[in-house]
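First the structure, in the form of structure tokens, and then the observations on it.
Protein chains: 2
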Amino acid sequence: MSERSYAIIGTGALGGFYGAKLQKAGLDVHFLLKSDYEYVSKSGLVIESKDGDFTLTQVNAYNDVEKMPPCDVVVVALKTTQNHLLPQILPPLVKDDGVVLVLQNGLAVEEEVAKIVGNVSIIGGLCFLCSNKVGEGHIRHLDYGQITLGGYASGYDPTGITDKMQQIADDLKSAGISMELAEDLLLGRWKKLVWNIPYNGLSVILNARTDELMSYIHTRKLVEQLMYEVAAGSFSCGRIIPDSFIQTMLDYTVKMKPYRTSMKIDYDERRPLEVEAIFGNPLRKAHSRGVDLPQISCIYQQLKFLDEIRKVGDRQNA
Amino acid sequence: MSERSYAIIGTGALGGFYGAKLQKAGLDVHFLLKSDYEYVSKSGLVIESKDGDFTLTQVNAYNDVEKMPPCDVVVVALKTTQNHLLPQILPPLVKDDGVVLVLQNGLAVEEEVAKIVGNVSIIGGLCFLCSNKVGEGHIRHLDYGQITLGGYASGYDPTGITDKMQQIADDLKSAGISMELAEDLLLGRWKKLVWNIPYNGLSVILNARTDELMSYIHTRKLVEQLMYEVAAGSFSCGRIIPDSFIQTMLDYTVKMKPYRTSMKIDYDERRPLEVEAIFGNPLRKAHSRGVDLPQISCIYQQLKFLDEIRKVGDRQNA
Chain L
0 MSERSYAIIG TGALGGFYGA KLQKAGLDVH FLLKSDYEYV SKSGLVIESK
50 DGDFTLTQVN AYNDVEKMPP CDVVVVALKT TQNHLLPQIL PPLVKDDGVV
100 LVLQNGLAVE EEVAKIVGNV SIIGGLCFLC SNKVGEGHIR HLDYGQITLG
150 GYASGYDPTG ITDKMQQIAD DLKSAGISME LAEDLLLGRW KKLVWNIPYN
200 GLSVILNART DELMSYIHTR KLVEQLMYEV AAGSFSCGRI IPDSFIQTML
250 DYTVKMKPYR TSMKIDYDER RPLEVEAIFG NPLRKAHSRG VDLPQISCIY
300 QQLKFLDEIR KVGDRQNA
Chain W
0 MSERSYAIIG TGALGGFYGA KLQKAGLDVH FLLKSDYEYV SKSGLVIESK
50 DGDFTLTQVN AYNDVEKMPP CDVVVVALKT TQNHLLPQIL PPLVKDDGVV
100 LVLQNGLAVE EEVAKIVGNV SIIGGLCFLC SNKVGEGHIR HLDYGQITLG
150 GYASGYDPTG ITDKMQQIAD DLKSAGISME LAEDLLLGRW KKLVWNIPYN
200 GLSVILNART DELMSYIHTR KLVEQLMYEV AAGSFSCGRI IPDSFIQTML
250 DYTVKMKPYR TSMKIDYDER RPLEVEAIFG NPLRKAHSRG VDLPQISCIY
300 QQLKFLDEIR KVGDRQNA
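If you're matching them up, the sequences are chains L and W in order.
Numbering of the first sequence is given in numbering that gives the first Met the number 0, commencing with residue 0 and proceeding in unit increments.
Numbering of the second sequence is given in numbering that gives the first Met the number 0, commencing with residue 0 and proceeding in unit increments.
Here it is, written out as structure tokens:
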């Protein structure tokens, strides 16, 4: 049994799911909560999952990071729109020889964490998970669940497979989570953007599911063009995404059942959109290397408008 | 008094307004109608206008082009989405030494007309008109009304100011319409697209008025980028649009009262969008000269999706 303790920052659809799986497997897990704190500290967590439902009647729940014990692995499972909270949360929580595991979308999020925790090990995780929070302390896991881990080093130099990556992967595997290890985190993050940028962006702007985007010739073509722009951005960072990968993503999406993207769900639920992590950071990364991505830039500006005009409207209606 | 007879093809917010003004000034005008034919042939046309209301109790109304007399000036005032009807309408209607006056949006519409009527003179008109059809034979003129005329020659070679342009401008001026003459129709059409492409496109895609697009920094920037792409398209055709013109359009729009664009009105009223004339033709024109306009292309593909998925939905609900 692993001796490592885990802190889950953000006990929602993603953090709650993975954290509960770890506790169920016998690991020492500590959950930071906000709105669900009262309920979860009394009643625990309920996981409905395609792999089997389970309930944790008792969990270590906190609503104040100062009350949490320092942990070996601090799992960042907030939406990136909450990352302004990390400078308060991370320093007291992570042990000197600990690890921050960043399970977030987009690009360059590990760089932000590195600015906060300095020399602590940072590992990025790319999650392929379809789950929702359906009530207080109640998470519904619909599909997938795999995590790909990659080590972070300054400037996103590839780290290869480190001991710490292997240890954490072993813990997660012991909890029944399908794991892969990547030698080059930045390449992995750009590859994930090949899917996330076109489908998340267009689903919000055009109020459409993946099957609708793929069944009309003009959006199908636009999706493909956006994917090639992501590959151009990746190439500007010295990471090559082959054309065959793009073709595989297109074919895979055509075969998927109709899917509402996570950004579309956020938009429909009137939550802030992760525009900067998924669109702004890749644009800036490529731009800093002299490469413009005009169509991704168009999508980014449209999303920023939709996100901001919604917030203004909500403030006026409040 | 002018001896020239006028046929109005499309007696809607635009054709009905200009045609009624011509008849009121004493010219011989013949109106082609579709849905409003019964009503207008009995009751005539009512024009509410900021320049003064008036009623024409009796007009020459037709629902069949075969019954119309050949005219000296055939005014094409259909939406471009109806241009597939022109091969049936134009040849019997225009006199051998007559003129087709194309009062439509977008680019390259005169080329389509030239394929149909061969050697007949073609003049393009750029209308700055804000009017709506509010009922059968009932048009409300809200603002503006100026027309800029430009002669069409094969390949859009500039024609300078021709006698026929001058004659038609005199007829329209006699009807109280503010007129300008342009020596280079293609330059005029590209300049009009500087406004039409960003505002018409983004207003539909982002469900926004002009003031909203201009008051958020990201859409304001995107509008400006799209304007510069229009200028690049114009330049590919050898027509130079100076930066100062773009700045003037931006300043002018900031000062305008909140405006719902004509394409947004079409979309809200569930009418087909003029995507090909306003977006597709400029893209193809630039592409044929080796110039890609990636952000206009993005907008075009988004609009095609919205236009088509709407039509499919309407057919399924019919």
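By construction, the Cβ of each residue, glycine as well, lies at the ideal position given by its N, Cα and C atoms.
- Query: Does the distance from the CB of residue 139/L to the CB of residue 47/L come in under 8 Å?
  - Reply: By one-based count along the first sequence, residue 139/L stands at place 140. By one-based count along the first sequence, residue 47/L stands at place 48. Yes, the Cβ-Cβ distance between residue 139/L and residue 47/L is below 8 Å.
- residue 59/L versus 53/L, 112/L, 68/L, 51/L, residue with shortest Cα-Cα distance: For the purposes of this step, residue 59/L is taken as residue 60 along the first sequence, with counting starting at 1. If we check each option's Cα against that of residue 59/L, 68/L comes out closest.
- Message: What ranges does the alpha helix (DSSP H) occupy inside the region 86-141 of chain L, keeping only unbroken runs of at least 4 residues that lie completely in it?
- Response: When DSSP assignments are scanned along the region 86-141 of chain L, the uninterrupted stretches of alpha helix (DSSP H) that are 4 or more residues long and fall wholly within it turn out to be 108-116.
- Item | Contact set between the region 180-213 of chain W and chain L, restricted to residues whose Cβ is under 8 Å from the partner | 201, 204, 205, 207, 211, 212
- Item | Close beta carbons around residue 12/W, own chain, < 7 Å, minus the five adjacent residues each side | Taking the second sequence and counting its residues from 1, one reaches residue 12/W at position 13. When the five nearest sequence neighbours on each side are left out, the beta carbons in the same chain lying within less than 7 Å of the beta carbon of residue 12/W are those of 130, 131, 132, 138, in order along the chain.
- residue 197/W to residue 49/W span [Cα, whole Å]: As a first step, residue 197/W must be located in the second sequence, where it is residue number 198. As a first step, residue 49/W must be located in the second sequence, where it is residue number 50. So the alpha carbons of these two residues sit roughly 28 Å apart.
- Within 8 Å of chain W by C-beta, residues of the region 274-305 of chain L in sequence order: 293, 294, 296, 297, 298, 299, 300, 301, 303, 304, 305
- Query: Which residues mark the beginning and the end of the beta strand (DSSP E) in which residue 29/W is found?
  - Reply: The residue given as residue 29/W occupies position 30 in the second sequence. 27-31 is the span of the beta strand (DSSP E), which, as asked, contains residue 29/W.
- Only counting runs of 4 or more residues, tell me where the alpha helix (DSSP H) segments fall wholly within the region 158-196 of chain L, in order along the chain. 162-173
- Would you kindly work out how many angstroms separate the C-alpha atoms of residue 188/W and residue 258/W, rounded to a whole number? Your numbering for residue 188/W matches position 189 in the second sequence. Your numbering for residue 258/W matches position 259 in the second sequence. Going by the C-alpha atoms only, they are around 21 Å apart.
- Message: I'd like the ranges of any alpha helix (DSSP H) spanning at least 4 consecutive residues and lying wholly in the region 212-298 of chain W.
- Response: 216-235, 242-254, 261-267, 280-287
- Taking the alpha-carbon positions, what's the residue 29/W to residue 7/W distance? In the second sequence, counting from the first residue as 1, residue 29/W sits at position 30. In the second sequence, counting from the first residue as 1, residue 7/W sits at position 8. Cα to Cα, the separation comes out at about 6 Å.
- Around the Cβ of residue 118/W, are there at least 16 other Cβ atoms within 10 angstroms (buried) or fewer (exposed)? Taking the first residue of the second sequence as 1, we reach residue 118/W at position 119. Classification for residue 118/W: exposed.
- Any C-beta of chain L under 8 Å from that of residue 38/W: Position 39 of the second sequence, counted from the first residue, corresponds to residue 38/W. Chain L, which has no Cβ nearer than 8 Å to the Cβ of residue 38/W, makes this no.
- Message: With distance defined between alpha-carbon atoms, name the residue in 221/W, 51/W, 88/W, 52/W nearest to residue 63/W.
- Response: Position 64 of the second sequence, counting from 1, holds the residue named residue 63/W. The residue with the shortest Cα to Cα distance from residue 63/W is 88/W.
- Closest Cα partner of residue 243/W within the set 193/W, 281/W, 288/W: As a first step, residue 243/W is located in the second sequence; it is residue number 244 there, counting from the start. Residue 193/W is the option with its Cα nearest to residue 243/W.
- Item | Residues that residue 220/L contacts on chain W, provided the C-beta gap is smaller than 7 Å | Locating residue 220/L in the first sequence gives position 221, counting from the first residue. Residues of chain W passing the Cβ test: 300.
- Name the DSSP bridge partner or partners of residue 145/W? Your numbering for residue 145/W matches position 146 in the second sequence. Beta-bridge pairing links residue 145/W to 127/W.
- In three-state DSSP terms, what is residue 150/L? Here residue 150/L corresponds to residue number 151 of the first sequence, with the count starting at 1. Strand, per DSSP.
- Message: Taking 8 Å as the threshold (beta carbon to beta carbon), is residue 217/W in contact with chain L?
- Response: Numbered from 1 along the second sequence, position 218 holds the residue referred to as residue 217/W. Chain L contact via Cβ: present.
- Query: Should residue 324/W go down as buried or exposed, given a rule of 16 or more other Cβ atoms within 10 Å for buried?
  - Reply: It is not possible to answer for residue 324/W, since the shown part of chain W is limited to 0 through 317.
- Message: Looking only at its chain, what residues have a beta carbon closer than 7 Å to the beta carbon of residue 42/L, apart from the 5 residues adjacent to it on each side?
- Response: Within the first sequence, residue 42/L is the residue found at index 43, counting from 1. Cβ neighbours of residue 42/L beyond the five flanking positions: 136.
- Task: Determine contact between the region 175-189 of chain L and the region 171-191 of chain W, defined as no fewer than three beta-carbon pairs at a distance below 8 Å.
- Result: no
- Query: Going by Cα to Cα distance, which pick from 156/W, 314/W, 147/W is closest to residue 177/W?
  - Reply: Numbered from 1 along the second sequence, position 178 holds the residue referred to as residue 177/W. The residue with the shortest Cα to Cα distance from residue 177/W is 147/W.
- Along the chain, which unbroken stretches of the beta strand (DSSP E) at least 3 residues long are found entirely within the region 23-73 of chain L? 27-31, 44-48, 53-55, 59-61
- C-beta atoms of residue 151/W and residue 122/W nearer than 8 Å: On the second sequence, position 152 is the one that residue 151/W refers to. On the second sequence, position 123 is the one that residue 122/W refers to. It is a contact, given that the beta carbons lie within the stated cut-off.
- Task: Could you work out which residues of chain L lie near residue 308/W, taking near to mean beta carbons separated by less than 7 Å?
- Result: Locating residue 308/W in the second sequence gives position 309, where the first residue counts as 1. Under the 7 Å cutoff, chain L gives 211, 215.
- Report back the beta-carbon spacing between residue 199/W and residue 260/W to the nearest angstrom; my notes put them in contact at under 8 Å. As a first step, residue 199/W must be located in the second sequence, where it is residue number 200. As a first step, residue 260/W must be located in the second sequence, where it is residue number 261. Indeed they touch by this definition, with Cβ atoms about 5 Å apart.
- Task: Apply the 10 Å Cβ neighbour rule to residue 233/W and answer buried if 16 or more other Cβ atoms are within range, or exposed otherwise.
- Result: By 1-based counting over the second sequence, the position of residue 233/W is 234. Under this definition residue 233/W is a buried residue.
- Query: To the nearest angstrom, how far is it from the Cα of residue 27/W to the Cα of residue 206/W?
  - Reply: Counting from one through the second sequence, the residue named residue 27/W turns up at place 28. Counting from one through the second sequence, the residue named residue 206/W turns up at place 207. Answer to the nearest angstrom: the Cα atoms are 42 Å apart.
- Message: Which same chain residues end up closer than 7 Å to residue 105/W when comparing Cβ atoms and leaving out the 5 residues on each side of it in sequence?
- Response: Residue numbering aside, residue 105/W sits at position 106 when the second sequence is read from its first letter. Hits under 7 Å: 79, 273, 276, 277, 280.
- Closest to residue 247/L by CA distance: which of 286/L, 235/L, 226/L is it? Here residue 247/L refers to the residue found at position 248 when the first sequence is read from its first residue. The shortest C-alpha separation from residue 247/L is found at 226/L.
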